[in-house]
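Chains as they are written, first to last, in UniProt numbering: chain V, 1 to 252; chain L, 1 to 252; chain X, 1 to 252; chain F, 1 to 252; chain Y, 1 to 252; chain U, 1 to 252.
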């Protein structure tokens with residue numbers, strides 16, 4: 001397919017869907033963001049609590065973890081609830097671990113003190129890229145929760161638990177062409193699918209590429225990483241804008 | 001407390017919180033409503049599918065059921081996910097059963113044919129009255145799902161599976177005074193707490209009254225039922241307005 | 001149906017089934033009652049133990065809770081065991097919570113001290129009204145367990161943890177007529193079914209009414225509450241007689 | 001200890017506790033027996049249903065299985081319910097399997113046709129020997145269920161699914177002396193504990209001996225088997241008497 | 001069948017399969033043995049850890065327990081994993097309990113101090129007799145773990161936690177003839193199947209006999225015990241040889 | 001660290017541990033391999049069965065899936081069994097899914113017909129790289145199972161379900177230097193850890209890179225992929241040699 005042909009929804013190959021980050025969507029959580037990548041909609045809530053899991057006690061360091069789950073009718077056809085089935089599925093486990101691990105890459109647990117932040121990422125509507133939206137939104141919620149804890153004096157005054165920012169995006173080979181931020185129809189038909197988590201300064205935290213159809217070669221891998229790098233940079237700008245907007249509101 | 005003293009949030013004793021019913025909040029579900037009773041926010045999704053559970057097969061009748069669940073950070077402090085604990089808690093079971101039973105009171109399962117509607121009521125934010133908000137919103141989502149099924153020819157042309165409307169509200173004795181639609185601070189301190197589900201024509205579907213503190217007498221019971229009757233009538237008007245608004249949009 | 005027509009088992013509309021309360025049916029439990037409402041047969045065991053659940057520790061107050069369960073062949077056709085299914089069903093959870101909540105309405109947890117009483121209500125045979133029989137019998141077992149604890153010096157000498165008595169009965173609209181204490185055939189065909197828990201002095205602890213068929217109006221609700229009030233008063237007399245009988249035996 | 005010294009409850013070494021077999025204790029079950037070995041009290045219910053588990057379908061043979069469980073307060077101190085823990089314990093599994101296997105030793109599954117009998121053995125009160133009481137009572141309940149099925153024409157007229165009878169008893173070495181039918185205090189202190197299941201004609205179905213303290217030798221094993229053989233013979237007579245009594249009642 | 005007819009694999013009636021005990025099959029475990037009874041292959045790992053389960057704390061005594069499990073394809077046709085089914089099966093529980101109980105018969109828990117040894121017996125390949133192979137191998141692994149703990153000073157210098165040795169073997173009636181150490185084809189067709197656990201000095205720890213087909217009489221029981229006694233004596237010699245061999249290696 | 005400094009176990013940066021592939025380690029499985037990467041030891045069993053999961057029925061295509069699990073004492077300190085905890089952990093789920101997905105990349109499910117191959121990968125001993133060893137060994141077991149099915153006529157004569165080979169290896173940044181095939185001590189201290197699954201013709205099936213410490217840049221990613229590419233090529237040669245050896249044995 002010629003590179004200039006528009007995608008099924010009119011986007012260019014290197015174009016993100018419309019991304020929205022709505023902060024403070026919840027009243028109770030220390031940080032909360034409704035993140036939208038097009039029709040994909042994930043509610044990210046950051047809960048800051050004193051104390052750490054038992055296996056970490058007494059070390060003076062904190063913990064950040066995440067739980068991802070999809071509402072039963074977030075998808076096109078309804079899925080059974082994992083709570084009713086009595087067990088958490090493999091995909092849910094896998095993505096929860098990915099989100100938590102990604103966020104910990106930019107956390108200085110010593111600066112956090114013996115506190116825990118849990119990031120709940122609940123997919124209200126799914127249209128591809130839910131895990132990357134979750135990571136991108138969760139980081140903003142985490143930043144808000146850390147700021148809130150500092151404002152309340154729950155962490156030391158000069159402590160900087162957040163050592164940087166992270167954002168995530170999916171890339172893939174669709175109809176033989178590398179594209180950015182796949183929606184569900186693209187994702188279903190992709191030959192190769194890759195999720196990339198990057199820091200705000202352009203380094204990799206996670207690279208997970210999977211050949212859904214044909215195995216892929218080094219050149220394709222390079223093209224996909226180029227797209228992801230540009231996409232994450234754009235998401236980083238949107239995260240900063242969301243955080244700045246709010247700061248302006250408070251000041252204004 | 002004198003009847004005219006305003007409540008902690010300024011409401012009169014017989015006043016509902018601000019109620020909002022946002023239809024079509026989801027793209028995939030056959031019916032969906034984001035219902036808000038003040039800060040309580042419940043996402044109701046109606047999933048219409050062909051077929052019925054095994055124990056109903058071959059009778060020519062349909063089935064309506066519901067599942068209620070709270071997001072972990074819908075509440076003031078985070079709760080563990082029931083999916084992670086591997087079992088659904090008693091309160092969740094109890095409310096899920098209440099919502100389903102209430103909706104079935106206005107369903108003609110023969111007119112529905114061998115189809116199933118599942119109502120997923122996920123509490124995004126909790127501030128008291130989540131079960132009554134869920135019932136009130138779920139009925140609107142159910143009405144939309146039935147209309148959608150009729151439009152698609154999935155139920156017989158002249159069939160009227162919906163025999164009426166239902167709405168629900170909580171009432172209680174707070175500081176010795178009967179009040180309508182308790183929020184969380186009121187609910188926590190109520191001596192008596194009652195959830196009432198009524199049809200649009202003013203009859204009872206469910207009455208569940210509990211003495212949290214002192215047992216209550218017949219006179220208090222009467223006062224609470226009066227309040228609930230008026231509250232449900234108002235909710236019925238809001239449900240109809242929400243359904244009409246949409247009809248106008250479609251026509252306009 | 002004319003009010004004077006006898007019911008399918010010959011009872012008058014306002015007549016209880018034969019009720020039997022056999023105390024000390026078990027040798028180990030601090031209190032135990034085999035309660036029978038006609039063919040419904042529930043074994044209630046009260047276990048008094050020092051200490052309270054973790055979330056109550058250090059407050060100087062006690063705890064009363066209940067667990068209800070049906071034996072697999074208590075019913076007409078065998079049901080699977082909940083232990084084998086690996087999860088407790090919604091109905092079981094719901095009734096367990098109702099029994100515990102009802103008993104706590106007449107418990108002064110401060111007077112109980114940091115002790116726990118668990119009421120196990122196991123349905124040996126079911127013929128309608130198992131939850132109301134369980135509550136009625138469990139209160140007697142609880143009274144015995146409290147007396148036993150006082151005799152053993154496990155609670156303070158002058159402490160009165162039991163602030164009153166409770167009894168429970170079902171009422172319903174069967175063939176258009178309000179009747180008391182429904183057995184299984186009546187319960188299956190009832191248009192409206194209500195469980196009422198009352199204190200010995202005639203006040204309400206729980207009122208749970210459900211329209212199984214047609215929604216019901218305020219007048220029917222009133223009639224049902226009248227029947228329940230009289231029925232609970234009679235059950236209160238039977239509870240006191242059972243407790244007195246035993247006292248006499250001990251004295252005699 | 002001299003052989004003639006009475007046991008702690010006054011019994012001779014080769015004496016059973018008082019055994020009672022109360023048939024038809026339940027109204028719904030096809031066969032039911034409340035069996036008592038002294039203070040040990042087990043409710044055995046036999047449920048006869050058409051059909052067999054999937055792995056047996058189409059072979060023309062039936063199935064007999066058993067489930068054993070203890071009520072939480074059957075014991076001296078309360079145990080948690082297995083349904084609440086979400087899993088069945090090893091001891092419960094082990095005894096359930098033993099009861100089912102024992103009963104199948106006297107069942108001709110071809111004569112049973114494609115029908116299933118489930119024996120539910122619920123321990124209402126435990127004072128040692130619950131598994132042997134369960135087997136002894138369950139066989140009587142099974143005999144009644146088979147008779148009931150024949151009376152209803154659910155099994156072929158001339159079919160004899162029951163090829164014999166079984167009974168079970170515990171024996172053990174207590175204070176160095178072999179004794180029959182141990183109660184809980186004896187069982188707790190036994191050096192060796194053995195459960196023996198035998199047919200009515202004196203052959204072995206199961207022999208399970210365990211050295212709780214010192215390993216035992218061949219002579220002790222012989223003494224214990226002698227005691228068990230006599231004990232099972234006596235139980236067989238009691239089972240037959242219970243079945244005959246009923247027959248007389250029906251005729252009388 | 002004449003006693004002299006060879007068995008289907010050529011063995012004499014009183015002949016064990018080839019038995020191999022390979023010590024130190026694992027690098028991490030404090031004791032480990034790959035035990036083979038012909039094609040049956042069980043990996044036994046002994047894990048020695050400081051501390052005891054909560055219910056034993058503060059008594060100065062240790063604990064020995066075991067867990068037995070089969071790999072899904074250890075058998076002729078694949079079985080589902082118990083971890084995936086979310087529950088441990090009855091047979092697995094039963095055998096785990098047997099292995100643990102048997103080993104505790106030769107453990108002086110006071111001499112062990114407040115330490116725990118867990119024996120993991122994982123069946124890599126099953127061809128009959130897996131539980132008896134597990135016990136026989138686990139004892140050697142336990143002996144190694146105790147020796148290792150003594151060498152590391154984790155138990156008192158003069159303490160002798162191991163009071164003797166145990167070995168186990170199956171016997172059964174196959175084609176009417178008592179035989180030793182049944183493989184899977186023999187086990188499947190046996191009329192009677194018995195597992196016997198004995199100490200190195202020839203006393204019984206467990207005797208578990210089951211009539212798979214016809215009930216058995218006292219004479220058969222005697223023959224089977226004779227075979228088992230000889231078989232366990234031979235296994236005891238092989239265990240000692242395995243332990244000695246290693247000692248020689250260390251010295252040599 | 002200078003590139004020429006040997007690793008803690010003496011290996012060069014681009015050197016695999018000693019790899020052994022022992023085929024037919026089990027007697028029952030259609031294919032089985034004990035794969036060793038140094039001290040890491042994984043038993044891979046391929047079970048070929050007729051039929052497919054329900055959701056695939058009637059399409060004429062087959063299914064390949066995998067289950068990975070660690071024995072409790074495969075690791076340095078004992079872990080609880082997932083079967084006892086009643087749930088499969090996230091890591092286990094994640095790796096099981098990876099192994100299955102990787103193998104399906106070289107399977108033509110149409111050529112397989114309506115048959116299922118399950119690959120059980122049980123880690124007997126863990127020393128880093130268990131998932132890559134599992135994939136590498138499982139492919140050989142799968143190849144053997146396919147050959148066995150063809151020999152037995154269970155798949156069509158000319159069908160080629162296997163479209164290629166796959167192998168997997170881990171690479172990582174240890175002490176700032178890219179190295180191949182990390183053992184446990186290296187893995188624990190790695191800044192970046194990557195698992196790469198490749199086809200025999202040098203294309204990528206999976207690339208999973210994680211920054212355990214510092215995020216990594218594109219250059220490091222390139223170096224790691226170079227190492228992995230060479231490592232997988234060497235593993236491919238070893239797989240072919242193992243398959244050829246066996247063929248020779250059969251012919252020889």
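Backbone N, C-alpha and C define an ideal beta-carbon position, used for all residues, glycine too.
Any Cβ of chain U within less than 8 angstroms of the Cβ of residue 96 of chain V? The count along the first chain starts at 1 and reaches residue 96 of chain V at position 96. So, interface residue.
CA-to-CA distance, residue 213 of chain Y to residue 83 of chain F, given in whole angstroms: Sequence index remark: in the fourth chain, residue 83 of chain F carries index 83 (1-based). Sequence index remark: in the fifth chain, residue 213 of chain Y carries index 213 (1-based). Approximately 34 angstroms between the Cα atoms of the pair.
Looking at the C-beta of residue 170 of chain U, does it have a partner C-beta in chain Y at a distance below 8 angstroms? Within the sixth chain, the letter at position 170 stands for residue 170 of chain U. No, because no Cβ of chain Y sits closer than 8 angstroms to the Cβ of residue 170 of chain U.
Would you say residue 252 of chain L lies against chain V (beta-carbon separation less than 8 angstroms)? The residue you call residue 252 of chain L lines up with position 252 of the second chain. Here the model assigns residue 252 of chain L a pLDDT of 41, short of 50, so the residue's position is not dependable, and the following value carries that caveat. No - not a single Cβ of chain V is within 8 angstroms of the one on residue 252 of chain L.
With DSSP as the reference, label residue 1 of chain F as helix, strand or coil. To locate residue 1 of chain F, count along the fourth chain from 1; it is residue 1. For residue 1 of chain F, the predicted structure reports a pLDDT of 48, less than 50, and the residue's modelled location is therefore unreliable. The matter cannot be settled from this model.
Going by alpha carbons, who is nearest to residue 5 of chain L out of L:175, L:16, L:30, L:160? Within the second chain, the letter at position 5 stands for residue 5 of chain L. Minimum Cα distance to residue 5 of chain L is reached at L:175.
At which residues does the beta strand (DSSP E) containing residue 41 of chain V begin and terminate? Sequence index remark: in the first chain, residue 41 of chain V carries index 41 (1-based). Looking at the DSSP string, the run of the beta strand (DSSP E) that includes residue 41 of chain V is 40-50.
Is residue 161 of chain Y close to chain F? Criterion is C-beta to C-beta, closer than 8 angstroms. By 1-based counting over the fifth chain, the position of residue 161 of chain Y is 161. It does not: the Cβ of residue 161 of chain Y has no partner Cβ on chain F nearer than 8 angstroms.
Spatial distance of residue 193 of chain L from residue 206 of chain X (CA atoms): The residue labelled residue 193 of chain L in the question sits at position 193 within the second chain. The residue labelled residue 206 of chain X in the question sits at position 206 within the third chain. Residue 193 of chain L and residue 206 of chain X: Cα-Cα distance of roughly 10 angstroms.
Bridge-paired residues (DSSP) for residue 53 of chain U: Counting from one through the sixth chain, the residue named residue 53 of chain U turns up at place 53. In the DSSP output, where bridge partners are listed per residue, residue 53 of chain U has none listed.
Would you please verify whether the beta carbon of residue 52 of chain F is less than 8 angstroms from any beta carbon of chain Y? Translated into positions along the fourth chain, residue 52 of chain F becomes position 52. So no, residue 52 of chain F is outside the interface.
Closest by CA to residue 138 of chain F, which one among F:224, F:226, F:41, F:221? By one-based count along the fourth chain, residue 138 of chain F stands at place 138. Among F:224, F:226, F:41, F:221, the Cα nearest to that of residue 138 of chain F belongs to F:41.
What does the alpha-carbon distance come out to for the pair residue 114 of chain F and residue 57 of chain L? Looking up residue 114 of chain F in the fourth chain gives position 114. Looking up residue 57 of chain L in the second chain gives position 57. So the two alpha carbons sit approximately 24 angstroms from each other.
Proximity below 8 angstroms, CB of residue 131 of chain L to CB of residue 76 of chain L: On the second chain, position 131 is the one that residue 131 of chain L refers to. On the second chain, position 76 is the one that residue 76 of chain L refers to. Not in contact: residue 131 of chain L and residue 76 of chain L (Cβ atoms no closer than 8 angstroms).
Pairwise C-alpha distance: residue 227 of chain V and residue 126 of chain L: Numbered from 1 along the second chain, position 126 holds the residue referred to as residue 126 of chain L. Numbered from 1 along the first chain, position 227 holds the residue referred to as residue 227 of chain V. Their Cα atoms are separated by approximately 41 angstroms.
List the whole-angstrom C-beta distance separating residue 117 of chain Y from residue 173 of chain Y, where the pair is believed to meet the contact cut-off of C-beta under 8 angstroms. Position 117 of the fifth chain, counted from the start, is the residue given in the question as residue 117 of chain Y. Position 173 of the fifth chain, counted from the start, is the residue given in the question as residue 173 of chain Y. About 36 angstroms separates the two Cβ atoms, so there is no contact after all.
Mark residue 160 of chain L as exposed unless 16 or more other C-beta atoms lie within 10 angstroms of its C-beta, in which case mark it buried. Walking along the second chain from the start, residue 160 of chain L turns up at place 160. It is exposed - the Cβ of residue 160 of chain L has fewer than 16 other Cβ atoms within 10 Å.
What are the residues of the UniProt domain "Exoribonuclease phosphorolytic" (15-145) of chain V that lie near chain U, defined by any Cβ-Cβ distance shorter than 8 angstroms? 87, 88, 89, 90, 91, 93, 94, 96, 97, 101, 105
Is the Cβ of residue 11 of chain F closer than 8 angstroms to any Cβ of chain Y? Taking the fourth chain and counting its residues from 1, one reaches residue 11 of chain F at position 11. Closer than 8 angstroms: no.
Kindly indicate the opening and closing residues of the alpha helix (DSSP H) around residue 187 of chain L. Taking the second chain and counting its residues from 1, one reaches residue 187 of chain L at position 187. It spans 184-189 - the alpha helix (DSSP H) in which residue 187 of chain L sits, taken as one unbroken run.
So, does the CB of residue 191 of chain X fall closer than 8 angstroms to a CB anywhere in chain L? In the third chain, residue 191 of chain X corresponds to position 191, counting from 1. Not an interface residue.
Let me see if you follow: with CB-CB separation under 8 angstroms, is residue 217 of chain Y close to chain F or not? Position 217 of the fifth chain, counted from the first residue, corresponds to residue 217 of chain Y. Closer than 8 angstroms: yes.
Can you list, in chain order, the residues of its chain whose CB lies under 7 angstroms from that of residue 134 of chain V, leaving out five sequence neighbours each side? Reading the first chain from its first residue, position 134 is the one you call residue 134 of chain V. Contacts found: 42, 44, 68, 99, 121.
Can you give the Cα-Cα distance for residue 64 of chain F and residue 142 of chain F, rounded to whole angstroms? Here the question's residue 64 of chain F lines up with position 64 in the fourth chain. Here the question's residue 142 of chain F lines up with position 142 in the fourth chain. Spanning the two alpha carbons is a distance of roughly 9 angstroms.
Who are the Cβ neighbours of residue 71 of chain U in its own chain at under 7 angstroms, not counting the five residues just before and after it? Residue 71 of chain U sits at position 71 when you count from the first residue of the sixth chain. Closer than 7 angstroms at Cβ, skipping near neighbours: 122, 123, 124.
Mind checking residue 211 of chain U: buried by the 16 CB within 10 Å criterion, or exposed? Locating residue 211 of chain U in the sixth chain gives position 211, counting from the first residue. With 16 or more other Cβ atoms within 10 Å, it is buried.
Alpha-carbon to alpha-carbon, residue 238 of chain U and residue 149 of chain U: What you label residue 149 of chain U is simply residue 149 of the sixth chain in a count that begins at 1. What you label residue 238 of chain U is simply residue 238 of the sixth chain in a count that begins at 1. Those two C-alpha atoms are separated by around 23 angstroms.
May I have the straight-line CA-CA distance separating residue 202 of chain X from residue 224 of chain L, to the nearest angstrom? To locate residue 202 of chain X, count along the third chain from 1; it is residue 202. To locate residue 224 of chain L, count along the second chain from 1; it is residue 224. If I take the Cα positions, the gap works out to 18 angstroms.
In chain V, which residues lie less than 7 angstroms from residue 203 of chain U when you measure between Cβ atoms? For the purposes of this step, residue 203 of chain U is identified with residue 203 of the sixth chain, where counting begins at 1. Near residue 203 of chain U (Cβ distances below 7 angstroms), the residues of chain V are 215, 216, 217.
Using DSSP with H/G/I as helix, E/B as strand and the rest coil, what is residue 251 of chain Y? Residue numbering aside, residue 251 of chain Y sits at position 251 when the fifth chain is read from its first letter. Because residue 251 of chain Y sits at a pLDDT of 47, beneath the cut-off of 50, its placement in the model cannot be relied upon, and the point is left open.
Would you mind working out which of Y:27, Y:164, Y:61, Y:241 sits nearest residue 106 of chain Y, comparing C-alpha positions? Here residue 106 of chain Y is taken as the residue at index 106 of the fifth chain, counted from 1. Considering only alpha carbons, the answer is Y:164.
In angstroms with no decimal places, state the Cα-to-Cα distance between residue 36 of chain U and residue 184 of chain U. Residue 36 of chain U sits at position 36 when you count from the first residue of the sixth chain. Residue 184 of chain U sits at position 184 when you count from the first residue of the sixth chain. If you take the alpha carbons of residue 36 of chain U and residue 184 of chain U, they lie about 14 angstroms apart.
DSSP-derived helix/strand/coil call for residue 199 of chain U: Here the question's residue 199 of chain U lines up with position 199 in the sixth chain. Three-state DSSP puts residue 199 of chain U in a strand.
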